[in-house]
Each structure stands twice: as structure tokens, then as C-alpha cells.
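Working notes, beginning with the structure itself.
Numbering (our numbering), first residue to last: -12 to 698.
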């Protein structure tokens, strides 16, 4: 058979397969068609007219069903079927809007918007039942078109000023047409759509936030240098309250006449607060932590400082309650007796600025900007100053807030109060040293007033004193790393001022060693390198490891699973130190193995008797703990045979078995009698367990100590 014949046969086979598939498809379609026709004839009969009539009737019924469904699901009672909607239905039925259906407000005007809203509601319902719906209560928005539609509030903007409450006027037009604080408001910016107990009422706290938060107006000064509130200020009282004037018959309250004629106040535009004092409680601050309640994305929380974008998205584009982000501001009348005690900042405008500059890491002379990590994280003073205390013996002397190490522990974990205490101790010590340095330098500089460099030297000393005072009054605990830099700059300034004048005098001693702790760890753990600690039964010095060993904190510590976790163990320390000691002529074992040294030579401080190991005069630690290659090892019983006969291996085992048995008896005594540190038997047991040789270092001393412990 030729190639051409084979190709023809293959093509013929493919065509046959395609024909069979088409045949099956046509058969299925024919069956569907016959079933449809049979069903149609069964209901409507035969003929094209009946077929067209059936289609028209079906479409009509579907249309009627759709509109009935739209109408039924638009009824408030249908909305109340959902248990989440019951409280909102209850507040609506008792409100002034009870004659308005839910969809008239929650869907913008027009059939298109109504259909869009229905599909949105249907998708939310499906999300709720499938578990995708994340919100814990209903959430919806009302557009201005819904409020201002014909027949509702379409004339509201033309009404001008209206009475909101007694002696309070309000104008809708500037709030909706003009920008308020540079922001476009909506009807629901003030008329909140989610208020428990009422529906679509004015949330007054929103008014207070907008009018009183963060210096909303620009204050002006009159000819007598007195502060007055400008006409354009949002917190100008007469924007809402008319000043009571007698000749105009304005009432101060229900059934009352003004006690004082405010005519002169109106004419001279005097600030109402000159007499009435402060009318605002709170500042409307936005804690960054509140972003987390809605947003879990780090990229969104990074936009915290972009207030223009945040307000556009939360106020103009979407209706988010102001109180969800801002802390509350209250607008309350303050007793007239408070006039004699004005706000402290009125007379003390720079109060606590030293602490603020220290916290923000600024204003130091010759020291670069270095804000505290907590300042950069957005913490304010009250994050740490939480405890109240009176400022004197007399109870009416007032109260103030002070910090405590407990606040460190509550945020960072147990033990961080010791960090704060270390900062205080360290900074006070260095400030005392620096005070003597500056006094000495100041007295020496005064003797060189005729020197040509006196002016420059004097300025260096002034800057040094300024840095010293910034730490002293600003408190080093607010920014310990910056405080250390300031104190170092202060000392260098004093030293340079003397050199500039040619004075060769040694200044009083000062701890010039800045923190050896590298990187970000120094922001908190500054000064810890000077403090010895106990670890694995050894005295440990961070200073030696950081300065001489040039180690990084990460060599021993990790932030996983928690901050400061110690990664290295006792064997890890020994691996490093023993490796460094290889090849040296003399090893100072006592530096780390003090307990073992005291057992071997019987130099215990709490006993007067001496029972040193019989070999201590001629055998040192390295005789047993170094192998042939001068490598430090933990020896076994075979080490004895290098100097003694084979029988010493059995003695090695006997010593350990005896010590093990005696220590077990002592351990039972400690457990049975519930002994604690300070009890002689407990302390002896801990000492022998730290030794770890099980009697090999000094079997006679083991027997003697355990015998004493049993008494």
C-alpha cells in the first residue's frame, strides 16, 4: 500500500468519526425539541399563534413576579425578618421617618439604582450565609440624592438658618455646598444612619469634633495684644449661639431674660471665652490603634498621616462615623468660678517642652535629630503617665499623672520595668559627674575673659550647659539614646572650650563610654553592658563580650519566638570560650568554673574547714581536661590510667556511685521538708549539682558537705 493510500484512509476515518459525533448532537437536540413541543402542546395546544401567545404570557408573568418581588422585599417588615435588622427596624418605626420605606433612603432615586441595590443586597445575603460576610452588624450608606429627592428634603438648602435647639441656629447650605475644613460633607455626616434608639438624628458629637478639634480657627490679636476669635473661626460661639442682648428681647433661656446685656461684647467682638472660660473637653485625637479595628492591611495603616485622603475616603466617599476614629469631644459649660484658674498654657506656654524635645529627639546643640522609637510609633504622654498622685500634703493641692514601670511591663512584657530603672540610675550617675565637669570648666573659662577666643569658648560652654539641662529637665527616660548623645556632646563642649583657651587642666572624671550595644537594641538597653548578671551559674559581663569580643546582640539573643529570647545554651558558651583558649599556655578556668575550682581546692566561703583534693598540689585542671592535642574535653574514667594503674577506673566509678546515692538522699530531704534558698541543706545541694562532677573533683568534701546537710 502506498503512502498516498494510507493518508486517504486516515482522512476517511477522521471524517467518519466527525460524522458520528454530529449525528449524536443532532439526536440530542431533536429529543429536546420534541420534549419542548410536547410540553407546549400539552399546556397550550398546537399552532404558532398559541406558541407566541405562550411566550408573551410567560414574559408577562415573569415581569409581574419580578416587580412583586421588588415591592415585597422593599417593605420594612421584610427587612425586619433578619435578626440583625431588628434593632434598626425598631428605631425606624418610632422615628419621624416611619412613613418612608427603607429603600427610599438606602437606594438612590431611579429604577436602575433600585435594581443595583437589590443585586448588592442579594450578594451581601449570600456572603453572610457562606461566611464571607465579615462585618458583625449591617452596614449601609445613604446618598445625598436620597435625602434631597423631590417630596422629601429638596427645599432644605433654600430655607437658610433654622432653629436647631434653644438659642442654637443652623444653616444647611454652607455645610453641604461649601467645604468644611477643606472637606466635602454629606447629609449623613451629621444625620447618622446608625444610632441606637433613634433613626437618622443629628449626632452632636460630630458637630463638636468638627468645630473644636485641633485649633479649627485662626486667632487674632487686638490693639491691646489680647487674643480674640476671628470671624472665620469654626469655634466662634456666635456661629451657633446669638449673644443675648436686652434691647432685642433675646431670651437667655426658657422664660428668662439676659442677666447681662452683651451689646458691648457684640460691638467689640470680644471672645466669649474671656468670661465663660473653656467650653471644650477633649481634643478629638485619633489613636493609631483604632485603624486596626477595620483595617488589617499594613499598606492602609501606613496612610495614617495622610489626613486629606483618609477624610475623603471616610467622609465624602463613604459614611464612617467620626467617633469610630476620633476620641470624644464634649461641649460643656464650665463653672464661672473656673475663671480664676485659667488654662496653664495661658501663662506657661513652654510648659513640658523640655520633656517633649527629649521625647522627639530634637533641639540639642550639635547633636543630630534622634526621636524616640515610641515617639515615632505615635505614643503620647498618657501612654506611660497613667497613675494619679497629689502634688502636696494638702488634698486640695491638686493631682498630676506619673509614670510607672508597670506600664512598661503591660506593653512589653515582664521585666521591662528594670530597663526603666536602669535608665534612671545610669543617667543620674552621669549627670552628677557632668555637673562637676561643667562647674569646673565654667570657673576656668571665667579666668580667661581677655583671651581672644573667649567668645567662642564661652559659646561652646553655653551649648554644653544647654545640653546638660535638656537631659536634666527633659528626663533621660524619655529618650535614653538621645540623652547619652547629649551628655557626651556636653562633656566634649566643655573640654573643647578649655582647649580653645589654652587651659591644660584635667576635668573631673566622666563616664565617656557611650553605649556599646549596637543597632536598634541601644534604644532600650543602653547601659546594660555595665551591669553584671548571673547566667548558667556564672558571672556574666556584657561589656567584655561587646567591647573586647566585638559580638553583636544577635549572637546570643533572638526575637523569635519572643523579644530577647536567649538562643545560646551553656554548651554554646563553652564551645566559644574553649575554642579561644586552645593553644594558650595557662587557662584561667576559675573565670567561668568558679564552683568547680572551690570544690577542688576546698575554698568555700561558708565553711572554715579545709578538705582540698589530695591531688590539688600537683594536678591542675588542664592535666585532666586537655587531651593530647591540647583540646579541652570532659574526661571519663580512662583519664586516670594516664597517671595511675587500671584499678583507678573502678575507683572513679565507686566515687560517682557513692556521691550519686548521697545526693539522692539529700534531694529527698529537701523535697520532703520543702526547703528553700537560704536553708543550709538546699544551698549545699545546689552547690554540688552546679559542680557536676558527681564527687570526682573532691570525694571527701562531698561526703563532709552532705553529712553536714543531713543534720
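Backbone N, C-alpha and C define an ideal beta-carbon position, used for all residues, glycine too.
* Have a look at 647, 465, 101, 485 and flag the residue whose alpha-carbon is nearest the alpha-carbon of residue 363. => 465
* Do you know how far the Cα of residue 290 is from the Cα of residue 284? -> 11 Å
* CA-to-CA distance, residue 295 to residue 168, given in whole angstroms -> Going from the Cα of residue 168 to the Cα of residue 295 covers about 10 Å.
* To do: Determine, using beta carbons only, whether residue 82 and residue 73 come nearer to each other than 8 Å.
  => no
* If you check the beta carbons only, do residue 523 and residue 557 fall under 8 Å apart? -> yes
* Asked: How about residue 460 and residue 425: do their beta carbons lie closer than 8 Å?
  -> no
* Sequence ranges, alpha helix (DSSP H) only - wholly within the segment 422 to 471, length at least 4 -> 441 to 461
* Taking just the CA atoms, how far does residue 633 sit from residue 601? -> Rounded to the nearest whole angstrom, the C-alpha separation of residue 601 and residue 633 is 19 Å.
* residue 692 versus residue 408 - alpha carbon distance -> 40 Å
* **Inter-residue Cα distance where the pair is residue 627 and residue 472** => 58 Å
* **Boundaries (first-last residue) of the beta strand (DSSP E) holding residue 386** => 386 to 390
* Asked: Roughly how many whole angstroms lie between the Cα atoms of residue 233 and residue 252?
  -> One C-alpha to the other measures close to 13 Å.
* Asked: What separation, rounded to the nearest whole angstrom, lies between the Cα atoms of residue 620 and residue 485?
  -> 57 Å
* Verify whether the separation of the beta carbon atoms of residue 371 and residue 394 is less than 8 Å. => yes
* Asked: Is the distance from the Cβ of residue 685 to the Cβ of residue 598 below 8 Å?
  -> Yes, these two residues count as a Cβ contact at 8 Å.
* Does DSSP put residue 215 in a helix, in a strand, or in coil? -> Any answer about residue 215 is weak, because its pLDDT of 41 lies below 50 and its placement is not dependable; what the coordinates show is given next. The answer is strand: DSSP assigns residue 215 an E or B state.
* Report the option in 298, 299, 444, 468 whose CA atom is closest to the CA atom of residue 360. => 468
* To do: Tell me whether residue 188 sits in a helix, a strand or coil according to DSSP, three-state version.
  => strand
* To do: Go through its chain and collect everything with a Cβ distance to residue 45's Cβ below 6 Å, but skip five positions before and after it.
  => The beta carbon of residue 45 sits closer than 6 Å to no other beta carbon from its chain once the five residues preceding and following it are set aside.
* Could you give the distance in angstroms between the alpha-carbon of residue 325 and the alpha-carbon of residue 259? -> For residue 325, the predicted model reports a pLDDT of 49, less than 50, meaning its position is unreliable and no value from the coordinates is stated.
* To do: Would you kindly check if the distance between the Cβ of residue 639 and the Cβ of residue 683 is under 8 Å?
  => yes
* Which same chain residues, not among the five before or five after residue 196, have their C-beta less than 6 Å away from its C-beta? -> 271, 309, 313, 316
* Contact set for residue 429: own chain, Cβ-Cβ below 7 Å, skip 5 residues either direction -> 448
* Between residue 418 and residue 345, is the Cβ-Cβ spacing less than 8 Å? -> no
* Apply the 10 Å Cβ neighbour rule to residue 129 and answer buried if 16 or more other Cβ atoms are within range, or exposed otherwise. => buried
* Which partner residues does residue 374 have in the DSSP bridge list? -> In the DSSP secondary-structure assignment, residue 374 is bridged to 389.
* Of the listed residues 681, 78, 656, nearest to residue 641 (C-alpha basis) -> 681
* Spatial neighbours of residue 604 in its chain, beta-carbon cut-off 6 Å, leaving aside the 5 residues before and after -> Result list for residue 604: empty, nothing under 6 Å.
* Residue range of the unbroken alpha helix (DSSP H) whose run includes residue 255 -> 250 to 255
* To do: Check residue 620 in the structure and name its three-state DSSP category.
  => coil
* To do: With DSSP collapsed to three states, give me the class of residue 88.
  => coil
* Quick one: Cα of residue 615 to Cα of residue 623, how far? -> CA-to-CA, the gap between residue 615 and residue 623 works out to about 15 Å.
* To do: Work out the CA separation of residue 391 and residue 498 for me, nearest whole Å.
  => 27 Å
* **Cutoff 6 Å; reference residue 358; Cβ partners in own chain excluding five residues on either side** => 347, 348
* Asked: Which residue from 48, 630, 134 puts its Cα closest to that of residue 610?
  -> 630
* Of the listed residues 166, 174, 689, nearest to residue 588 (C-alpha basis) -> 689
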